[in-house]
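A.B. asks: Residue numbers (this note's numbering): 8 to 216.
The beta-carbon is built from N, C-alpha and C at its ideal position, and this holds for glycine as well.
The structure presented is a predicted model; accordingly, all values stated were derived computationally and were not measured.
Got a structure for you, written out below as structure tokens; questions coming shortly.
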Ligand SMILES: N[C@@H](CCC(=O)N[C@@H](CS)C(=O)NCC(=O)O)C(=O)O
């Protein structure tokens, strides 16, 4: 359900986002896991991210942000989170309950941070420093061979989760953000992009369905 900021009605989970923003990755995760969430669209072009009502949720005035009424802070206010990676980890731990293993948590945090702090910036810099993104993709490709999960080192057959959402979500942006990059040396990454963009929840979150 889409609402404007002004018409905000409290629900257990509320995601504040904007079209073509990182909120789409969080929405994709919510869709894959079937987690109900109220959507509030922040009109970035109109500067709604700098309205005091939104700055109370994210003082940096950026989306995505998540309010979770199931967790209250010391002052009784609900938990408000910014940074897509922190939001994904919170959802994976407390709503999807992917696992309570400490190794799972550490590896999931590692991959989310890799996506946001290493892979994403390398994609942005790809036109001026193509060597960095090529080096990262060359290392990542064998880890994704035969559709392997990034959490395969944990053993068993890990279900698709927040680590996959963060990394594979960025990989799916490669053809868009790095148009000149030749992906033919990275067959597993090409397969990952094809698999991601074919997922119903991905298409729905990206507005492609
Ligand atoms: N590292 C942050 C980046 C957040 C971010 O830059 N959001 C952009 C949209 S993708 C935004 O809100 N821009 C509006 C602005 O800076 O005024 C995250 O992953 O959540």
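I need the DSSP call for residue 184, collapsed to helix, strand or coil.
C.D. replies: Reduced to three states, the DSSP call for residue 184 is helix.
A.B. asks: In three-state terms, what does DSSP make of residue 171?
C.D. replies: DSSP places residue 171 in helix when its eight states are reduced to three.
A.B. asks: What residue range is occupied by the uninterrupted alpha helix (DSSP H) comprising residue 203?
C.D. replies: That run of the alpha helix (DSSP H) goes 194-205.
A.B. asks: Can you give the Cα-Cα distance for residue 210 and residue 204, rounded to whole angstroms?
C.D. replies: The alpha-carbon atoms of residue 210 and residue 204 are separated by roughly 7 Å.
A.B. asks: DSSP puts residue 109 in a beta bridge; with which residues?
C.D. replies: Answer is none; residue 109 lacks a bridge partner.
A.B. asks: Using DSSP bridges, identify the partner residues of residue 24.
C.D. replies: In the DSSP output, where bridge partners are listed per residue, residue 24 has 48.
A.B. asks: Report buried or exposed for residue 207, applying the criterion of at least 16 other Cβ atoms within 10 angstroms of its Cβ.
C.D. replies: Burial call: exposed.
A.B. asks: With a CB to CB cut of under 8 Å and the five nearest residues on each side skipped, what residues in its chain are close to residue 61?
C.D. replies: So the list reads 12, 23, 49, 55, 68, 72, once near-sequence residues are dropped.
A.B. asks: Candidates 199, 109, 180: which alpha carbon is nearest residue 151's?
C.D. replies: Here the closest residue by C-alpha is 199.
A.B. asks: Taking residue 44 as the reference, which of 177, 105, 74 has the closest Cα?
C.D. replies: That would be 74, whose Cα lies nearest to the Cα of residue 44.
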